[in-house]
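Going by the UniProt record's numbering, the residue at position 60 of the sequence shown is 60; the numbering climbs one at a time, nothing skipped.
Beta carbons are placed, not taken as given, at the ideal position from N, Cα and C, and that holds for glycine.
Data block below; observations after.
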Amino acid sequence: MSIKVLPTDRPDAWEVQGRGELALAVLAEQMRREGYELTVGRPQVVTKKIDGVINEPMENTTIDVPEEYMGTVTQLMADRKGRMDGMTNHGTGWVRLQFTVPSRGLIGFRTALLSATRGTGIASSISAGYAPWAGQIVTRQNGSMVCDRQGVATPYAMQRLQARGNFFVEPQSPVYEGQVVGINNKPDELDVNITLAKHMTNMRSATA
């Protein structure tokens, strides 16, 4: 595995550069198996300036799917700034679609493809050099709920936040700062305090 580790402005964070999403995923999984606890940010592509214009890496992507999913896959690629270069109908119920798409548009794409085609979609890609920045790509409809402090998740705090999204963790589970504890209903990242305890008082209700 070929990687480069660079320092950041934080003493507890590093920038890790690798050859694609899979290489970074393998590294993170290996470290977790060795007992390390770490938080991994969303992968980013390495851009460069050419004649004063920001360029990003592109890939030629070939996708084989059953005909019934052709429209769904075309929309998936369009959302990722993909441009269709060709289509071949094999006459067997399957079609081959060819796209040129920014590399960042393929981050998380294979999972979305398998989900959209019920596990039948097959994709492969190869580098296609650099091209001018294609603009913003929104691939996630939901963001993350991130714990903002260490402690124990309480039913009281989780109930107060349940309208914001769905939790991964159970009440009374130990949590730590920076841990992803749920899915936000909105596309942005939301810091939450799920360790908040209900303060008891000696005041009785007027209806008691």
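Between Leu97 and Val73, the C-beta gap is smaller than 8 Å, which places the two residues in contact. Residue burial annotation: Ile126 is exposed, with fewer than 16 other C-beta atoms found within 10 angstroms of its C-beta. The C-beta of Ile63 has 16 or more other C-beta atoms within 10 Å across all chains shown, which makes the residue buried.
When the Cα atoms are used, Glu189 and Ser144 turn out to be separated by approximately 5 Å. The three-state secondary structure of Tyr156, taken from DSSP, is helix. In the three-state scheme derived from DSSP, where H, G and I count as helix and E and B as strand, Asp85 is classed as strand. In the three-state DSSP reduction, Arg110 falls in the helix class (H, G or I).
Going by C-alpha positions, Pro155 is about 15 Å away from Arg164. When the Cα atoms are used, Ala116 and Lys198 turn out to be separated by approximately 43 Å. Taking 8 Å as the cut-off, the beta carbon of Val180 is found closer than this to the beta carbon of Val146.
For the alpha helix (DSSP H) assignment, the uninterrupted runs of no fewer than 4 residues enclosed by the region 41-81 are, from N- to C-terminal side, 70-79.
With contact defined as three or more Cβ pairs closer than 8 Å, the region 28-45 and the region 82-91 are not in contact.
Bridge pairing for Asp191: Val146 [DSSP]. The C-alpha of Gly41 is placed about 11 Å away from the C-alpha of Ala25.
Boundaries of the alpha helix (DSSP H) harbouring Val26: Glu21 to Arg33, taken from the DSSP string. Annotated as proximal: Val101 and Arg80, with beta-carbon spacing under 8 Å.
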